[in-house]
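To keep things clear, I will list the structure first and then write my remarks on it.
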Amino acid sequence: MSKITERVEELVSPIVADLGFELVDVEYVKEGPDFYLRIAIDKPEGIDISDCAVASEKISEVMDKEDPIKEAYFMDVSSPGAERPLKKEKDYAAAVGNPIYVKLYEEIDGDKEWLGELLSYDAETIKMSVKIKTRTKELELPRKKIAKIRRAVIF
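Quick note on our numbering: the sequence shown kicks off at 342 and runs consecutively.
Have a look at this one:
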């Protein structure tokens, strides 16, 4: 499915950019019997429903013409929300000093899920600060072991 998301990203990136938006994420997944193409877009002042509708219409035209997905699917164009995924280096840079949620492929220090503050990152690792009961601990996590990473909203 990564070939599909790569091709969709190639097709929709120029459309999204022409509209003045940022392409945040493209996800193609099967849930139950159905396939879903989810496209997240953003802009500095945030995305509203009319932005999504305009982008969806333009993207649909290209998707119908190019037909990169052979099976039937549902397409959803939306905002990435407050808990946007960290996909690109600029996403990581913008998240430094902020709360993040990390899910790993395998346990590190006895856990696969971590919630804390992103302290720093490089091509190989991320460093984050996490609270465990009453103490704070710094973790260094290999990026290749990260299944999902996103901003987190903490109340």
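Yeah, the Cβ is synthetic: ideal placement off N, Cα and C, and Gly gets one too.
Item                                                                                             : Value
Residues that DSSP places opposite K371 in a beta bridge                                         : F376
Segments assigned alpha helix (DSSP H), at least 4 residues, entirely inside the segment 361-432 : 390-407
Cβ-Cβ distance between I388 and V367 below 9 Å                                                   : no
Closest Cα partner of Y442 within the set R476, V365, K468, E350                                 : K468
Opposing strand residues paired with D452 [DSSP bridges]                                         : I449
C-beta contact flag for Y377 and V349 at 9 Å                                                     : no
L456 burial status per 10 Å Cβ neighbour count (16 or more: buried)                              : exposed
Integer Cβ distance of L459 from A436, believed to fall under 8 Å                                : 5 Å
Extent of the continuous beta strand (DSSP E) run through T346                                   : No beta strand (DSSP E) holds T346; the alpha helix (DSSP H) holding it covers 343-359.
C-beta atoms of P426 and I490 nearer than 9 Å                                                    : yes
Residue nearest to P503 in terms of C-alpha spacing, selected from S391, G451, E347              : This structure does not reach residue 503, given that the chain is present from 342 up to 496, and the question cannot be answered.
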